[in-house]
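Number of protein chains: 2
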Amino acid sequence: MDCKNALDEAGGDMEKAIDILRKKGTAKAAKRADKIAAEGKIFTYVHGEGKIAVMLELNSETDFVAKNEKFLKLGSDVAMHIAAMSPRYVSRAEVPAAEVEREKDVYREQMKNEKKPAEIIEKIIEGKLNKYYSEICVLEQVYIKDEEKTIEQLLTIATGEIGEKISLRRFARYEVGEGLEKKSNDFVKEVEEQLAK
Amino acid sequence: MDCKNALDEAGGDMEKAIDILRKKGTAKAAKRADKIAAEGKIFTYVHGEGKIAVMLELNSETDFVAKNEKFLKLGSDVAMHIAAMSPRYVSRAEVPAAEVEREKDVYREQMKNEKKPAEIIEKIIEGKLNKYYSEICVLEQVYIKDEEKTIEQLLTIATGEIGEKISLRRFARYEVGEGLEKKSNDFVKEVEEQLAK
Numbered sequence: 074m075d076c077k078n079a080l081d082e083a084g085g086d087m088e089k090a091i092d093i094l095r096k097k098g099t100a101k102a103a104k105r106a107d108k109i110a111a112e113g114k115i116f117t118y119v120h121g122e123g124k125i126a127v128m129l130e131l132n133s134e135t136d137f138v139a140k141n142e143k144f145l146k147l148g149s150d151v152a153m154h155i156a157a158m159s160p161r162y163v164s165r166a167e168v169p170a171a172e173v174e175r176e177k178d179v180y181r182e183q184m185k186n187e188k189k190p191a192e193i194i195e196k197i198i199e200g201k202l203n204k205y206y207s208e209i210c211v212l213e214q215v216y217i218k219d220e221e222k223t224i225e226q227l228l229t230i231a232t233g234e235i236g237e238k239i240s241l242r243r244f245a246r247y248e249v250g251e252g253l254e255k256k257s258n259d260f261v262k263e264v265e266e267q268l269a270k
Numbered sequence: 074m075d076c077k078n079a080l081d082e083a084g085g086d087m088e089k090a091i092d093i094l095r096k097k098g099t100a101k102a103a104k105r106a107d108k109i110a111a112e113g114k115i116f117t118y119v120h121g122e123g124k125i126a127v128m129l130e131l132n133s134e135t136d137f138v139a140k141n142e143k144f145l146k147l148g149s150d151v152a153m154h155i156a157a158m159s160p161r162y163v164s165r166a167e168v169p170a171a172e173v174e175r176e177k178d179v180y181r182e183q184m185k186n187e188k189k190p191a192e193i194i195e196k197i198i199e200g201k202l203n204k205y206y207s208e209i210c211v212l213e214q215v216y217i218k219d220e221e222k223t224i225e226q227l228l229t230i231a232t233g234e235i236g237e238k239i240s241l242r243r244f245a246r247y248e249v250g251e252g253l254e255k256k257s258n259d260f261v262k263e264v265e266e267q268l269a270k
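Heads up: the sequence lines are chains A and B, in that order.
Counting with my numbering, you get residues 74 to 270 for the letters of the first sequence.
Counting with my numbering, you get residues 74 to 270 for the letters of the second sequence.
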């Protein structure tokens, strides 16, 4: 009932409703929503004395399967693959629209002097974009230990063999010294140095 | 010179300049900017048979120090602390402004019936906010194994002992089944269930 009242009070706005619940001290209701049925295991892989490391969450439907030998092998295989292949996203659904647009813009610019019909150009761009996804999204990457399969196919095969939906929810890959914030700073510095010449 | 030309062409816009460089096929210049002087090590800590895991990057100035015993102990201590205390950010500088505003809004609402002068209310809010930061930012958290120190103080002490700037650049903490996307979905579902009654 707290939820319904809060939602009415917020005029149907879910975000506001959560705040109202918190304000009323019934934040517990929101906390309960943290619980999710997904089981599985967090895998880590450390490479080169800690110069590169990967952490990922592989989910199964039951905790029982999370101890299955095939599941454990799959998790460490995928972690090692990520360490080697440096994907940035799990799937293309995670790639920000702005990044996709920017990428397309680069392709268009590269082809602006080609005398091809517009629809052919668009098809080529689509092809280049698919290639781009297959480089940055781990599910679309070719598996480093078996180039006949993508990581997605590897998961599908495991799902079949284990008999439970197996999914890669998220991952992080750290490499000592790499850093996105510094990247642009350095680029700015580099340009400033060039300008100073 | 490529950088300068690209920047001129982009009318001084750094983002556009990077795209221009890529379009010209001189993306290498941008890639070089990836290199950063920071040394250190990536630490991982796995808890409860992989139900929780933490990965963090601890930086030193030289690679030599990254093999120092004190540095190695510090990294694993902080990783364990993060597993236990679930911070969400490294420092308050990382907390999104919208989250801070929302938090303040909750505090204001909680105190709206108190008959205190506005400046006192603001001071109390400031105090509550500092407490909030000390709960969600790892550097401000009290170290779980020594409540006399914050994690930031732990790093400062290590910096003094080791004789090189030691800093915690980033971390990730995964717990099986937790998931931000699902959180709001579940809340929506919960509210829908309530409404259906």
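Even for Gly, the Cβ is constructed at its ideal location relative to N, Cα and C.
On a CA-only basis, which of the options is nearest residue i? Give me that one, please.
i	options	result
I230 (chain A)	A:L129, A:F144, A:H120	A:F144
E172 (chain A)	A:Y205, A:G121, A:G84	A:Y205
K114 (chain A)	A:S240, A:E213, A:K77	A:S240
K140 (chain A)	A:G121, A:V151, A:M158, A:F116	A:F116
T223 (chain B)	B:I155, B:N132, B:E122	B:I155
V168 (chain B)	B:K188, B:I194, B:I193, B:E213	B:E213
E174 (chain B)	B:V215, B:K201, B:E248	B:K201
S149 (chain A)	A:E251, A:D81, A:E199, A:F244	A:F244
E199 (chain B)	B:G123, B:K185, B:V215, B:R181	B:R181
S207 (chain B)	B:I194, B:G123, B:S164	B:S164
G121 (chain B)	B:M153, B:K146, B:A79	B:M153
A166 (chain A)	A:Q226, A:I193, A:R242	A:R242
E251 (chain B)	B:S159, B:L228, B:A170	B:S159
Secondary structure at residue i, three-state DSSP: helix, strand or coil?
i	result
T135 (chain B)	coil
K114 (chain A)	strand
A83 (chain B)	coil
E130 (chain B)	strand
I193 (chain B)	helix
V168 (chain B)	coil
Y162 (chain B)	strand
I155 (chain B)	helix
I93 (chain B)	helix
I217 (chain A)	coil
K104 (chain B)	Because the pLDDT of K104 (chain B) is 47, which lies under 50, any placement of that residue in the model is unreliable, and the number read from its coordinates should be weighed accordingly. It is helical.
Which two residues bound the contiguous beta strand (DSSP E) that contains residue i?
i	result
L241 (chain B)	240-248
Between residue i and residue j, how many whole angstroms is the CB-CB distance? I'm expecting something under 8 Å.
i	j	result
V119 (chain A)	A126 (chain A)	5 Å
Y162 (chain B)	I235 (chain B)	The pair is not a contact, with the Cβ atoms about 25 Å apart (cut-off 8 Å).
Y247 (chain A)	E248 (chain B)	18 Å between Cβ atoms; not a contact.
K89 (chain A)	A83 (chain A)	4 Å
A157 (chain A)	I217 (chain A)	5 Å
Which stretch, first to last residue, makes up the alpha helix (DSSP H) that contains residue i?
i	result
E213 (chain B)	Run containing E213 (chain B): none; DSSP gives neither H nor E here.
I230 (chain A)	224-235
For residue i, is the beta carbon positioned less than 7 Å from some heavy atom of the ligand GDP?
i	result
C210 (chain A)	No copy of the ligand GDP occurs in the structure displayed, which carries no ligand at all.
With a threshold of 8 Å on Cβ separation, who are the neighbours of residue i within its own chain once the five nearest residues in sequence on each side are excluded?
i	result
E237 (chain A)	S133, E134, T135, V138
G123 (chain A)	V249
Within a Cβ cutoff of 7 Å, which residues of the same chain sit near residue i, ignoring the five residues on either side of it in sequence?
i	result
E220 (chain A)	none
Less than 6 Å between C-beta atoms, sequence neighbours within five positions excluded: which residues of the same chain meet that for residue i?
i	result
V151 (chain A)	none
D92 (chain B)	none
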